[in-house]
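The structure under discussion appears below in the form of structure tokens.
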Amino acid sequence: MPNGRVALVTGGGSGIGRATAIAFARNGDAVVVADQNEAGAETAEEIIRSGGTGTFVQCDVSDEMAVCDLIAQTVSRYGRLDVAFNNAGIEGVQSRTADCTAENFDRVMAVNLRGVWLCMREEIRQMLKQDEGGSIVNTSSVAGLIGFPNIPAYAASKHAVIGLTRTAALEYAKSKIRINAVCPGAIETPMLQRFVGNGSEAREAILAAEPMGRVGSPEEVADAVLWLCNSASFVTGTALPVDGGWTAG
6 MPNGRVALVT
16 GGGSGIGRAT
26 AIAFARNGDA
36 VVVADQNEAG
46 AETAEEIIRS
56 GGTGTFVQCD
66 VSDEMAVCDL
76 IAQTVSRYGR
86 LDVAFNNAGI
96 EGVQSRTADC
106 TAENFDRVMA
116 VNLRGVWLCM
126 REEIRQMLKQ
136 DEGGSIVNTS
146 SVAGLIGFPN
156 IPAYAASKHA
166 VIGLTRTAAL
176 EYAKSKIRIN
186 AVCPGAIETP
196 MLQRFVGNGS
206 EAREAILAAE
216 PMGRVGSPEE
226 VADAVLWLCN
236 SASFVTGTAL
246 PVDGGWTAG
């Protein structure tokens with residue numbers, strides 16, 4: 006481990022999580038890549054091929070015992086946990102609020118909210134054992150800052166992530182643990198592809214809402230996460246939009 010720091014990324018198999026895991030590795034961090042499927046292993050292998058230190062742990066973040074095991078494996082292998090990016094999430098089934106099923110609502114909440122809480126709880130418990138504390142970043146969304154039609158469970162979960170982030174940030178500010186959230190806008194990820202489908206009308210509507218006139222890249226979100234974990238030493242409890250100005254209006 007070139008700089009001795011250990012980073013954990015959930016949902017590291019694709020999109021923003023994959024880009025951030027690779028960015029942490031380039032920063033000199035040993036990276037634990039967690040994902041529910043084997044795509045996370047491919048991210049860890051890419052890190053290793055590039056000369057970094059990476060480990061894959063399969064984990065369903067909505068499963069309490071799986072999350073506890075994830076942190077235990079991280080500490081067993083590397084001895085500590087310094088930074089964590091709780092990014093795993095799902096969008097659920099698109100529907101208006103009155104058409105959203107209880108099954109869909111519960112599943113989205115289980116991954117996007119319960120999963121973030123479980124990970125953060127165990128990460129904080131580990132960081133409290135370390136004199137240096139640590140830094141945690143949770144993934145919210147522009148849908149956590151403003152209303153967003155046809156994804157009621159997703160929007161509710163991402164609003165809740167911000168409340169959870171701010172609460173924990175206040176609780177552990179004096180324990181040298183900084184806790185923030187990033188709120189991506191339209192980012193070129195598999196989730197965006199699923200959301201807009203193959204129709205050009207949906208993509209054009211997204212582009213029309215973006216003041217910069219383009220979608221962002223996963224690497225641009227990764228840059229924001231690394232800033233929060235590396236240089237933003239007096240920043241905690243913030244929900245940072247990475248949205249090309251979407252929520253500025």
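Residue numbering for the sequence shown follows our numbering, starting at 6 and increasing by one per position. Even for Gly, the Cβ is constructed at its ideal location relative to N, Cα and C.
Check your understanding: Among the residues of its own chain, which have a CB less than 6 Å from the CB of residue 78, if the five just before and after it don't count?
Key -> For residue 78, where only same-chain residues beyond five positions count, the Cβ hits under 6 Å are 62.
Review point. Any idea which residues DSSP pairs residue 62 with across the strands?
Key: Bridge partners of residue 62: 39.
Review point. Since residue 90 is in the beta strand (DSSP E), which residue starts that stretch and which ends it?
Key: 88 to 91
Review point. Residue 117 to residue 93, Cα distance in whole Å?
Key: 7 Å
Check your understanding: Can you give the Cα-Cα distance for residue 108 and residue 40, rounded to whole angstroms?
Key -> 22 Å
**Study point:** Secondary structure of residue 22, DSSP reduced to three states
**Key:** helix
Check your understanding: Quick one: what's got a C-beta closer than 7 Å to residue 177's C-beta in the same chain, skipping five residues either side?
Key -> 129 and 184
Point to revise | According to DSSP, residues forming a beta bridge with residue 8 | key: DSSP output for residue 8 lists no bridge partner at all.
Review point. Leaving out the 5 sequence neighbours to the left and right, which residues in its chain are closer than 6 Å to residue 147 when beta-carbon positions are compared?
Key: 188, 190, 248, 251 and 252
Review point. Could you give the C-beta distance for residue 88 and residue 10, rounded to a whole number, given that I count them as a contact under 8 Å?
Key: 7 Å
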